[in-house]
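Asker: Okay, handing you the structure first.
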Amino acid sequence: MTAALDITNLQAWYGESHVLHGVSLAVQPGEVVALLGRNGAGRTTLLRAIMGLTGRRSGSIKIDGRESIGLPTHKIAHLGIGYCPEERGIFSSLSTEENLMLPPTLAAGQGMSLDEIYTMFPNLLERRNSQGTRLSGGEQQMLAVARILRTGARLLLLDEISEGLAPVIVQALARMITTLKGKGYTIVMVEQNFRFAAPLADRFYVVEHGQIVETILSRDLNARMPVLNELLGV
Amino acid sequence: MTIFGVPLQALMSQLLLGLVNGSFYAMLSLGLAVIFGLLGVINFSHGALYMAGAFLAYIGVTSFGLNYWMMLVLAPLAVGVFGILIERTMLRRLYKLDHLYGLLLTFGITLLLEGVFRSFYGVSGQTLDVPEKLSGASDLGFMILPNYRAWVVAASVTVCLGTWLVIEKTRLGAMLRAGTENAKLVEAFGVNVPLMVTLTYGFGVALAGLAGVLAAPVINVTPLMGSNLIIVVFAVVVIGGMGSILGAIVTGLGLGVIEGLTRVYYPEGSEVVVFVVMVIVLLLRPAGLFGKEK
């Protein structure tokens, strides 16, 4: 089976500073993978590097078997990636519905229809004409995920979606991830909130200093907690 | 009938002249605003491209036997294509640097363009006849309305409102607005942002070219006509608020009218009134009338 995402020896730079030092990982279709680590460890940078949003990159990043390392950002997205950035990236000059409709369709007929999205996120329907940044934090987060579900992307990169949200919203997001997993999406998520990620992910990678220092399967999680606690400093 | 001691006829014709000037301010500052919004480039060559539009119209009509209406389409197209070449080959390399570098490059292009036209046509100026269909004037009772001037105002208001509608109400416009806020994220969604940037620059300068063609029959076409205008247009952009589309249109037309009124009631002040307004606006609202405070 071809991996949905196959990264080999990825190096990345921001200008002169070398930020990723040989990252390798493979995510199979339908898997949910969490990237854990301290702030500044390089998790967000890893997602940005996959999208080609860092500076120079070397190594290999294959999406469904297709090499993306030499491509410009907009062509990488067309390999079927939905990217939900840190701090959500909702546009203040666009209404909620304009934000939702902004990303172009990547694979025709594959994405969720507007009806399905409004059924899944009824608040967005109610507030579709509001300015995007007038929504509550939780609604903005729903919007940031909803807009990449419309495009037909099958690989979702979610950066800190639980950050700064009330526990009841975080629980709703966890149910949403479970639903998406059930629909067969492949998900790579960066998470600070370990308790949010723990029941959702099939596999955990611990990132430190721009490298992957530990891989833990969810079934080994309890046994490996001491190691994880030490690495994350929780 | 007189208003504050000025005959109605004279007042109305100065107001119309103000609206005509305001139309050029609006079209030029609209292009500048769109370009600054998406590219972060202060396009100093805007005035020179307006001049190029006027000269292309003059050359097309006098040397190639084309008519005004053909040049109304061809000249902005040519200016737009020239802009696209400039963006692809030169401007593109400067996006990561300070705004100042884009300003310097486009200033250099201005000097080059003005030099080229000056070496062929001198500085004394050329005139282009008003197209036959729009010559003459209509008597409205309270004033005599020269048909060509009415056409200039109507055409530029239509173009400006059309542009505003596209930007505010369509999906393409939503992409432009989003790109202005965070171009990298829009590209990460799969939009070909570099192409969008190129076409936006081409469209912005084509608007300047179109303004040049519209202006050619009512002003003296000289290589320096853009330089005379561009300083006022920059003031309009600052007053309206950097990057604000509606601000550029409303402020452009409004300042044209204010200039026209000043010419009636205090002619000595008509050359500086725009800058006086600019100082007042900057003191009261540093981000401009329609700009968002950062």
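Respectively, the protein sequence lines represent chains A and B.
Residues in the first sequence are numbered from 69 upward in steps of one, following the working numbering.
Residues in the second sequence are numbered from 38 upward in steps of one, following the working numbering.
Every residue gets a Cβ at the ideal spot worked out from N, C-alpha and C, and that includes glycine.
1. Just tell me which of T237(B), L56(B), E218(B) and K221(B) has its CA closest to the CA of S193(B).
2. Of all the residues that make up the region 119–133 of chain B, which are near chain A by a beta-carbon distance shorter than 9 Å?
3. Does E135(A) come within less than 8 Å of chain B when only Cβ atoms are used?
4. Consider the Cβ of T141(A): report whether some Cβ of chain B lies at a distance smaller than 8 Å.
5. Take the Cβ of S172(B) as the centre, count every other Cβ of all protein chains shown within 10 Å, and call the residue buried at 16 or more, exposed below.
6. Any chance the region 142–161 of chain B sits against the region 248–262 of chain B, with 3 or more Cβ pairs inside 8 Å?
7. Which residues does DSSP pair with Y158(B) in a beta bridge?
8. Taking the beta carbon of D227(A) as the centre, do at least 16 other beta carbons fall within 10 Å, making it buried, or is it exposed?
9. Whose C-beta lies closer than 7 Å to the C-beta of I283(B) among residues of the same chain, with five residues either side of it excluded?
10. Which first and last residues belong to the alpha helix (DSSP H) in which P184(B) is found?
11. Taking only beta carbons into account, state which residues of the region 216–228 of chain B come closer than 8 Å to chain A, listed in chain order.
12. Starting from the beta carbon of M210(A), find every residue of chain B whose beta carbon is closer than 9 Å, and list them in chain order.
13. Touching or not, the region 95–108 of chain B and the region 71–79 of chain B, by the rule of three or more beta carbon pairs under 8 Å?
14. By the three-class DSSP mapping on this structure, what secondary structure does I256(B) have?
15. Classify M257(A): buried if its beta carbon has 16 or more other beta carbons within 10 angstroms, exposed otherwise.
16. With DSSP as the reference, label L324(B) as helix, strand or coil.
17. Using a beta-carbon distance below 8 Å, is G157(A) in contact with chain B?
18. Can you give the Cα-Cα distance for V287(B) and G325(B), rounded to whole angstroms?
19. Apply the 10 Å Cβ neighbour rule to N107(A) and answer buried if 16 or more other Cβ atoms are within range, or exposed otherwise.
20. Taking I15(A) as the reference, give the member of S286(A), Y253(A) and D270(A) with the closest Cα.
21. So with CB distances below 8 Å, who are the chain A contacts of M212(B)?
22. Give me the Cα-Cα distance between A266(A) and L289(A), rounded to the nearest whole angstrom.
23. So with CB distances below 9 Å, who are the chain B contacts of Y151(A)?
24. Under 8 Å between C-beta atoms, does V287(B) make it to chain A?
25. Counting only the same chain and skipping the five closest in sequence on each side, list residues whose C-beta sits under 6 Å from that of A291(B).
26. Closer than 6 Å by C-beta to V274(A): which residues in its own chain qualify, once you throw out the five before and the five after it? Chain order, please.
27. Kindly indicate if chain A contains any beta-carbon less than 8 Å away from that of R186(B).
28. One question on the structure: do A91(B) and E151(B) come within less than 8 Å of each other, judged by their Cβ atoms?
29. Any beta carbon of chain A sitting closer than 8 Å to that of V310(B)?
30. DSSP three-state label for I144(A), please.
31. Tell me whether E135(A) sits in a helix, a strand or coil according to DSSP, three-state version.
32. With S66(B) and V190(B) assumed to form a contact (beta carbons below 8 Å), what rounded beta-carbon distance in angstroms separates them?
33. Flag V230(B) as yes if its beta-carbon sits less than 8 Å from any beta-carbon of chain A, otherwise no.
34. Kindly indicate the opening and closing residues of the alpha helix (DSSP H) around R271(A).
35. Tell me where the alpha helix (DSSP H) around L248(A) begins and ends.
36. Take P183(B) and list the residues in its own chain whose beta-carbon comes closer than 7 Å to its own, dropping the five residues that flank it on each side.
Answerer: Walking through what the data contain:
1. For this step, residue 193(B) is matched to residue 156 along the second sequence. The shortest C-alpha to C-alpha distance from S193(B) to any of T237(B), L56(B), E218(B) and K221(B) is the one to L56(B).
2. Residues passing the 9 Å Cβ filter: none.
3. By 1-based counting over the first sequence, the position of residue 135(A) is 67. Against chain B, the CB of E135(A) has no partner CB under 8 Å away; the residue lies outside that interface.
4. Here residue 141(A) refers to the residue found at position 73 when the first sequence is read from its first residue. Chain B contact via Cβ: present.
5. Counting from 1 along the second sequence, the entry for residue 172(B) is found at position 135. Under this definition S172(B) is an exposed residue.
6. Judged by Cβ distances under 8 Å, the region 142–161 of chain B makes contact with the region 248–262 of chain B, as three or more pairs qualify.
7. The residue given as residue 158(B) occupies position 121 in the second sequence. Y158(B) has no beta-bridge partner at all, per DSSP.
8. To locate residue 227(A), count along the first sequence from 1; it is residue 159. D227(A) comes out buried.
9. The count along the second sequence starts at 1 and reaches residue 283(B) at position 246. According to the sequence provided, residue 283(B) is Leu. The question's Ile does not apply to it. Taken in chain order, the residues that qualify are W201 and F327.
10. Within the second sequence, numbered from 1, the residue matching residue 184(B) stands at position 147. What sits at residue 184(B) in the sequence shown is Asn, not Pro. Residues N184 to K206.
11. Answer set for the region 216–228 of chain B: T217, E218, N219, K221, L222, V223, E224, A225, F226, G227 and V228.
12. Taking the first sequence and counting its residues from 1, the one referred to as residue 210(A) is at position 142. Ordered by position in chain B, no residue passes the 9 Å Cβ test against M210(A), which lies about 17 Å from the chain.
13. No contact exists between the region 95–108 of chain B and the region 71–79 of chain B.
14. Locating residue 256(B) in the second sequence gives position 219, where the first residue counts as 1. Reduced to three states, the DSSP call for I256(B) is coil.
15. Numbered from its first residue, the first sequence carries residue 257(A) at position 189. Residue burial annotation: M257(A) is buried, with at least 16 other C-beta atoms found within 10 angstroms of its C-beta.
16. Position 287 of the second sequence, counting from 1, holds the residue named residue 324(B). Looking at the sequence shown, residue 324(B) is not Leu but Ala. Three-state DSSP puts A324(B) in coil, outside helix and strand.
17. Numbered from its first residue, the first sequence carries residue 157(A) at position 89. Interface criterion met: the Cβ of G157(A) is under 8 Å from a Cβ in chain B.
18. Counting from 1 along the second sequence, the entry for residue 287(B) is found at position 250. Counting from 1 along the second sequence, the entry for residue 325(B) is found at position 288. Approximately 12 Å between the Cα atoms of the pair.
19. The residue labelled residue 107(A) in the question sits at position 39 within the first sequence. By the 10 Å Cβ count, N107(A) comes out exposed.
20. Outside the displayed span of chain A (69 to 302) sits residue 15(A), for which this structure offers no information.
21. To locate residue 212(B), count along the second sequence from 1; it is residue 175. Residues of chain A with a Cβ closer than 8 Å to the Cβ of M212(B) are, in chain order, L170.
22. Your numbering for residue 266(A) matches position 198 in the first sequence. Your numbering for residue 289(A) matches position 221 in the first sequence. Straight through space, the alpha carbons of L289(A) and A266(A) are spaced by roughly 8 Å.
23. As a working mapping, residue 151(A) is identified with position 83 in the first sequence. In chain order: L222, A225 and F226.
24. On the second sequence, position 250 is the one that residue 287(B) refers to. Any Cβ of chain A closer than 8 Å to the Cβ of V287(B) would place that residue at the interface, and such an atom is absent.
25. Position 254 of the second sequence, counted from the first residue, corresponds to residue 291(B). Looking at the sequence provided, one finds Gly at residue 291(B) rather than Ala. If you ignore the 5 residues before and after G291(B), its C-beta comes within less than 6 Å of no other C-beta in its own chain.
26. Mapped onto the first sequence, residue 274(A) falls at position 206. Hits under 6 Å: L104, G105, V281, E282 and L299.
27. Sequence index remark: in the second sequence, residue 186(B) carries index 149 (1-based). So no, R186(B) is outside the interface.
28. Your numbering for residue 91(B) matches position 54 in the second sequence. Your numbering for residue 151(B) matches position 114 in the second sequence. The Cβ atoms of A91(B) and E151(B) do not sit closer than 8 Å to each other.
29. Position 273 of the second sequence, counted from the first residue, corresponds to residue 310(B). No, V310(B) lies away from the interface with chain A (no Cβ there is under 8 Å from its Cβ).
30. Sequence index remark: in the first sequence, residue 144(A) carries index 76 (1-based). Annotated three-state conformation of I144(A) is helix, per DSSP.
31. Along the first sequence, one-based indexing puts residue 135(A) at 67. In the structure shown, E135(A) falls within a strand segment according to DSSP collapsed to helix, strand and coil.
32. By one-based count along the second sequence, residue 66(B) stands at place 29. By one-based count along the second sequence, residue 190(B) stands at place 153. 16 Å between Cβ atoms; not a contact.
33. Against the second sequence, residue 230(B) aligns to sequence position 193. Judged by the 8 Å Cβ criterion, V230(B) is in contact with chain A.
34. Position 203 of the first sequence, counted from the first residue, corresponds to residue 271(A). Unbroken run through R271(A) is the beta strand (DSSP E), R271 to E276; no alpha helix (DSSP H).
35. Locating residue 248(A) in the first sequence gives position 180, where the first residue counts as 1. Where L248(A) is concerned, the enclosing alpha helix (DSSP H) stretches over P235 to G250.
36. Here residue 183(B) refers to the residue found at position 146 of the second sequence. Within the same chain, P183(B) has close Cβ partners A174.
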